[in-house]
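Below, the structure is given as structure tokens:
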């Protein structure tokens with residue numbers, strides 16, 4: 017028998033090479049755990065592995081003792097012809113290597129964007145794929161043992177090793193070893209660049225170990241640490257450099273406060289949820305699929321909620337999974353609660369309205385006191401309510417405070433309401449379009465997908481959705497509506513007109529498509545709204561106000577940016593699917609998105625044309 021070396025680390029791996037030869041020089045004696053015994057210092061040692069070698073020897077692996085100093089190892093093999101034994105001496109130096117592994121924040125995306133107009137603030141080891149170079153750090157409790165070097169190995173979200181760095185750069189501290197990883201691999205050829213376009217984003221792990229220079233099999237794991245990889249983006253991508261807040265929009269006008277934060281990196285739960293859901297995605301399209309599912313799962317732990325009006329009808333009609341049973345809601349699962357938390361951009365956060373009586377309100381951050389459970393309730397403004405149904409209102413108030421505390425008050429700065437609850441808070445989470453859209457934008461931006469809010473109206477109710485850029489695909493902006501529809505948004509509905517809001521009924525029976533367009537000088541990402549809607553919803557079905565029969569189908573082919581004082585042409589494709597000729601009035605209106613309080617929508621400009629369409633035909637009219 018022979019040993020691979022004379023000195024081992026404490027609890028290190030000992031490689032014994034053994035061969036049994038008879039008196040005639042024959043060596044065809046297989047070694048197994050059944051016919052072999054190994055002892056260290058007279059005590060039986062556990063045989064971890066036995067591997068036959070090309071030269072006829074057997075490699076037998078055992079663990080070295082933990083005590084430093086001189087030791088002896090003894091081996092015996094028993095065969096049908098007799099037994100043979102041999103022994104060797106060896107030395108154990110030092111203790112078991114220990115230390116800590118970490119990923120530095122230096123070189124992260126926060127570093128790279130610190131001078132941007134809107135820098136990121138992850139405050140975590142977050143790196144853009146192939147762009148930001150992580151630094152791995154190993155700090156040993158004792159000096160590096162002689163004959164060993166440090167190895168860093170990188171594992172992707174699928175727990176596959178994608179890179180290995182054999183060499184590390186010594187820092188001035190002899191116990192500290194730093195390794196700058198430039199998205200390369202030393203496994204085959206030192207410094208071989210990786211194909212970063214095929215690397216998934218998500219949660220990565222770096223493992224540090226000590227490896228014997230002469231025997232790479234002799235390896236001692238020290239520990240590991242996690243870091244996060246997101247999609248690559250640069251300063252020229254507008255969704256990361258234009259604005260970080262968004263105004264609130266409602267059917268009565270535009271709030272004059274920009275209070276919807278789009279860059280919400282400071283909220284660690286946003287990154288945590290997004291990176292966990294998109295873990296392993298290789299393309300932006302894969303990640304958006306994951307995040308769209310996440311954004312539809314408002315469950316009280318991720319977002320706050322509010323409503324601007326009584327939108328209970330929305331939750332009865334949208335087929336969203338309001339009861340969280342993973343299935344579309346049935347008719348008997350309608351959302352019937354009429355008390356909505358309310359965020360008013362003009363007066364500031366802090367109102368909970370009974371939507372059937374807007375004169376009654378509760379201050380979210382005021383004091384809620386309940387007197388004589390069955391008799392009266394008093395809110396923070398001193399208003400007294402004797403109707404027992406007000407208990408439901410106060411429950412909404414308490415629920416709103418709790419939601420805000422859970423999701424946007426991690427440092428516990430919002431005061432708790434005083435007094436007991438009037439009734440159990442509603443267990444259903446509640447959100448409207450801008451809630452879902454805002455959080456979806458936050459999730460997408462957190463993992464490096466350029467995204468932005470888009471707003472527009474097709475009837476008297478405002479709507480907000482998401483646009484995201486497929487930077488790893490066609491590099492175009494795409495629509496995503498995480499508010500409407502179960503599992504599939506209205507943008508994803510192939511041929512279901514029930515999600516289509518591109519129809520409008522007039523009092524006099526004339527039917528037309530219309531759209532409200534925001535001033536492009538305010539925000540420059542919502543031009544061509546009608547074109548976006550029509551491209552993705554495939555068709556618009558217009559109905560008579562007096563009859564349910566189809567008149568014609570309309571499709572707006574594209575809407576350019578409207579310029580003050582400039583003439584704009586809009587092309588409309590009109591299809592007559594019936595078997596008789598139709599003479600119809602087609603009207604296109606441009607309506608301002610801003611309405612004064614109490615105002616009604618009035619067209620800024622428009623055009624009307626009477627056209628005759630033959631049966632079973634289509635035509636394009638320019639308005």
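Residue numbers (my numbering): 17 to 639. A virtual CB, placed ideally from N, CA and C, is assigned to each residue, including glycine.
- By the neighbour-count criterion, in which 16 or more other beta carbons inside 10 Å mark a residue as buried, residue 309 falls on the exposed side.
- Scanning the region 134 to 216 for uninterrupted beta strand (DSSP E) segments of 3 residues or longer gives 142 to 144, 151 to 156, 164 to 171, 177 to 181 and 192 to 196, listed from N- to C-terminal end.
- Within the same chain, Cβ atoms closer than 7 Å to the Cβ of residue 51 are found at 93, 94 and 95, the five residues on either side in sequence being excluded.
- Residue pairing by DSSP leaves residue 293 without any beta bridge partner.
- With respect to residue 592, residue 631 sits close: the two C-beta atoms are nearer than 8 Å.
- Around the beta carbon of residue 144, 16 or more other beta carbons lie within 10 angstroms, which makes this residue buried.
- Under the three-pair Cβ rule at 8 Å, the region 112 to 127 counts as touching the region 149 to 164.
- Excluding its 5 nearest sequence neighbours in each direction, residue 247 has C-beta neighbours in its own chain below 8 Å: 144, 145, 217, 300, 303, 463, 464, 465, 487 and 488, listed in chain order.
- DSSP places residue 78 within a strand segment (E or B) once states are collapsed to three.
- Beyond the five residues adjoining it in sequence on each side, residue 97 comes within less than 7 Å, by CB distance, of 38 in the same chain, given in chain order.
- When the beta-carbon positions are compared, residue 99 and residue 25 stay at least 8 Å from each other.
- Separation of residue 19 and residue 32 (C-alpha to C-alpha, rounded to the nearest whole angstrom) is 5 Å.
- Judged by DSSP secondary structure, residue 301 falls within the alpha helix (DSSP H) whose first and last residues are 300 to 311.
- CA-to-CA, the gap between residue 297 and residue 194 works out to about 29 Å.
- Under the Cβ criterion (8 Å, minimum of three pairs), the region 57 to 64 counts as touching the region 75 to 82.
- For residue 65, the enclosing beta strand (DSSP E) covers residues 65 to 68.
- When secondary structure is reduced to three states using DSSP, residue 498 falls in the coil class, being assigned neither helix nor strand.
- Here residue 125 really is in contact with residue 142; their C-beta atoms are around 5 Å apart, less than 8 Å.
- Pairing residue 57 with residue 84 gives a Cβ-Cβ distance that is not under 8 Å.
- CA-to-CA, the gap between residue 209 and residue 490 works out to about 25 Å.
- Contact between residue 149 and residue 197 holds, since their C-beta atoms are separated by about 6 Å, short of 8 Å.
- Exposed is the label assigned to residue 585, since fewer than 16 other Cβ atoms lie within 10 Å of its Cβ.
- Counting other Cβ atoms within 10 Å of its Cβ, residue 602 reaches 16 or more and is therefore classed as buried.
- When beta bridges are read from the DSSP output, residue 60 appears opposite 55.
- The DSSP-derived three-state label of residue 492 is coil.
- Sequence-distant Cβ neighbours of residue 291 in its own chain, meaning closer than 8 Å and more than five residues away, are 217, 218, 219, 244, 246, 462 and 463.
- The DSSP-derived three-state label of residue 93 is strand.
- The beta carbon of residue 621 is closer than 6 Å to those of 606 in its chain, skipping five residues each way along the sequence.
- In the structure shown, residue 117 falls within a strand segment according to DSSP collapsed to helix, strand and coil.
- Closest in alpha carbon position to residue 175, among 48, 221 and 190, is 221.
- Taken atom to atom, the span from the alpha-carbon of residue 158 to that of residue 227 is near 16 Å.
- Taking 8 Å as the cut-off, the beta carbon of residue 597 is found no closer than this to the beta carbon of residue 624.
- Here the alpha carbon of residue 295 sits roughly 36 Å from the alpha carbon of residue 231.
- A direct Cα-Cα distance of roughly 44 Å separates residue 199 from residue 48.
- In this structure, the straight-line span from the alpha carbon of residue 41 to that of residue 105 is close to 26 Å.
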